[in-house]
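The block underneath contains the structure these notes are about, expressed in structure tokens.
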Ligand code: ACO
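In the working numbering, the protein residues as written are 6 to 436.
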């Protein structure tokens with residue numbers, strides 16, 4: 006980190022000025038530390054949607070949205086996508102370094118041996134309506150882990166914090182698969198610890214008692230890659246939610262359940278499901294033009310799902326990788342999906358259109374992921390659940406980082422109050 010400098014801020018109305026320190030990260034733009042502002046000037050800052058505000062310091066993930074760069078712990082996403090696997094990336098995000106062979110084997114073993122759920126979990130799951138959305142069930146089930154594991158959880162103890170993180174990484178796939186199987190009326194499957202992380206999940210999802218499951222290595226490899234690409238993305242809405250809840254000292258299961266709830270929205274992780282529904286609604290490549298026109302019309306309430314990003318004002322590097330793999334995976338699986346043709350036409354039309362070009366709206370990670378999930382046999386309602394499985398690794402890494410800070414503060418934004426000014430209470434009879 007380079008040496009801090011100060012920025013002088015003057016308020017002509019009051020004649021007051023304040024010197025605010027500039028904070029430099031290891032790479033990326035400097036940030037003005039505004040904490041001294043209210044005391045010095047009596048003003049707060051207003052930044053709806055955190056367009057210009059960093060909420061924390063973090064050493065986990067770096068994004069340069071203008072250059073289309075994404076790095077986990079300094080490693081470019083392209084290199085991790087090509088050479089690593091999801092569990093190794095999980096270790097990297099949690100611990101800061103890539104594991105050696107012995108460390109990886111120990112981590113793999115540890116995750117595999119925390120995949121089981123308490124049997125009472127079944128009773129709880131079976132209380133949901135059979136047609137509940139899996140994301141609703143996932144939110145509730147992960148929240149319920151707080152009830153199973155709250156006792157004896159000392160958040161001051163780094164080993165206990167780490168154990169909670171491992172439990173979440175290990176159990177979320179078990180819960181996710183159970184939610185799916187319950188929703189389709191299949192018997193729940195226990196995790197098989199002799200399988201690798203992704204294979205184990207696929208087994209829990211798709212194995213039926215009546216016949217052995219032949220796992221397709223193409224499917225497992227593609228899913229592993231999708232998990233790597235979704236593992237973390239610095240202070241996105243769900244991770245910020247996890248950190249905000251974590252800042253209160255809440256237990257990690259509650260924090261991650263809050264993250265899952267935030268992820269579900271269509272402006273965030275829910276977009277992958279929304280993309281597929283949108284492509285199905287457009288239906289034919291020749292109708293793409295109408296959809297683009299509708300997306301440009303602010304009164305239509307319709308946006309191109311899978312397009313645009315708060316941080317990327319250039320291609321989302323994850324979308325570039327997924328785009329390439331979509332063609333490969335579909336070819337390898339022998340899938341001919343008409344949705345892909347609609348998606349390609351839509352991408353082409355939007356990238357040529359002045360509206361999208363001038364606003365720097367490019368396809369994001371969710372634009373193609375739904376098409377691959379579909380080809381892999383993942384039901385549409387499970388798309389955001391898949392995202393949640395991968396992002397659990399990011400959430401727990403951020404929670405661990407935050408929990409280890411000695412100077413952490415409760416997250417408590419201010420507001421611009423626009424309501425009624427002071428008025429006197431009128432008894433109900435006189436209203
Ligand atoms: N379709 C049409 N217009 C769009 C779209 C879109 N997908 N996205 C943004 N715009 C327009 C806005 O209307 C706005 O236009 P204006 O300047 O004329 O008012 C301009 O582009 C900027 O958009 P904002 O909403 O201000 O951008 P913001 O950074 O707040 O939102 C977001 C980013 C939420 C991702 C937005 O682009 C969007 O809604 N995209 C569709 C949903 C989606 O794909 N979400 C997944 C994001 S990736 C992820 O979370 C994993």
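Even glycine gets a Cβ: it sits at the ideal position worked out from N, Cα and C.
Under the three-state DSSP convention, the category residue i falls into
i           : result
residue 25  : strand
residue 418 : coil
residue 370 : helix
residue 211 : helix
residue 424 : coil
residue 309 : coil
residue 11  : strand
residue 383 : coil
residue 412 : coil
residue 201 : coil
residue 286 : helix
residue 342 : coil
residue 115 : helix
residue 6   : Residue placement at residue 6 cannot be trusted, given a pLDDT of 47 that sits under 50; what the coordinates show is reported in the next sentence. Residue 6 falls in the coil class under three-state DSSP.
residue 352 : helix
residue 239 : coil
Residue i: first and last residue of the uninterrupted alpha helix (DSSP H) it sits in
i           : result
residue 390 : 388-408
residue 158 : Element bounds for residue 158: n/a, residue is neither H nor E.
residue 334 : 322-338
residue 5   : The chain is shown only over 6 to 436; residue 5 falls outside these bounds and no answer can be derived.
residue 193 : Run containing residue 193: none; DSSP gives neither H nor E here.
residue 258 : 257-268
residue 301 : 293-301
residue 233 : 222-235
residue 129 : 125-130
Where the beta strand (DSSP E) containing residue i begins and where it ends
i           : result
residue 66  : 66-69
residue 162 : Element bounds for residue 162: n/a, residue is neither H nor E.
Any non-hydrogen atom of ligand 2 closer than 7 Å to residue i Cβ
i           : result
residue 429 : Judged by which ligands are present, ligand 2 is missing from the structure shown, whose ligands are ligand 1.
For residue j and residue i, believed in contact at Cβ under 8 Å, the rounded distance
i           : j           : result
residue 268 : residue 392 : 6 Å
residue 326 : residue 86  : 5 Å
residue 338 : residue 223 : 6 Å
residue 172 : residue 154 : 7 Å
residue 399 : residue 236 : 5 Å
residue 369 : residue 313 : 7 Å
query = Using 8 Å as the threshold, is the stretch 355-368 in touch with the stretch 313-321, meaning 3 or more CB pairs across them?
reply = Judged by Cβ distances under 8 Å, the stretch 355-368 makes contact with the stretch 313-321, as three or more pairs qualify.
message = Going residue by residue through the stretch 39-101, where are the continuous beta strand (DSSP E) segments of at least 3 residues, counting only ones entirely within it?
response = Listed in chain order, the beta strand (DSSP E) elements of length 3 or more contained wholly in the stretch 39-101 are 66-69 and 74-77.
key: Three-pair Cβ contact test at 8 Å for the stretch 410-428 versus the stretch 116-129   = Segments in contact, no.
task = Check whether the stretch 222-232 touches the stretch 380-393, counting contact only when three or more Cβ pairs, one atom from each stretch, lie closer than 8 Å.
result = Three or more beta-carbon pairs separated by less than 8 Å link the stretch 222-232 to the stretch 380-393, which places the two stretches in contact.
At least three beta-carbon pairs within less than 8 Å, the stretch 290-303 to the stretch 343-355 = Here the stretch 290-303 lies against the stretch 343-355, with 3 or more beta-carbon pairs under 8 Å apart.
ask   = Per the contact definition of three or more C-beta pairs closer than 8 Å, is the stretch 203-221 in contact with the stretch 127-135?
value = No, they do not touch.
ask   = Are the stretch 142-156 and the stretch 177-190 in contact at 8 Å, needing three or more beta carbon pairs?
value = Contact holds: three or more Cβ-Cβ distances are below 8 Å.
query = Contact between the stretch 211-221 and the stretch 68-80: three or more CB pairs below 8 Å?
reply = The way I'd put it, the stretch 211-221 doesn't touch the stretch 68-80; fewer than three beta-carbon pairs between them come closer than 8 Å.
request  = Would you check if there are 3 or more beta carbon pairs closer than 8 Å linking the stretch 27-38 to the stretch 62-73?
outcome  = Segments in contact, yes.
ask   = How about the stretch 157-166 and the stretch 280-287: do they share at least three Cβ pairs that are nearer than 8 Å?
value = Touching, no, given that fewer than three Cβ pairs across the two stretches are closer than 8 Å.
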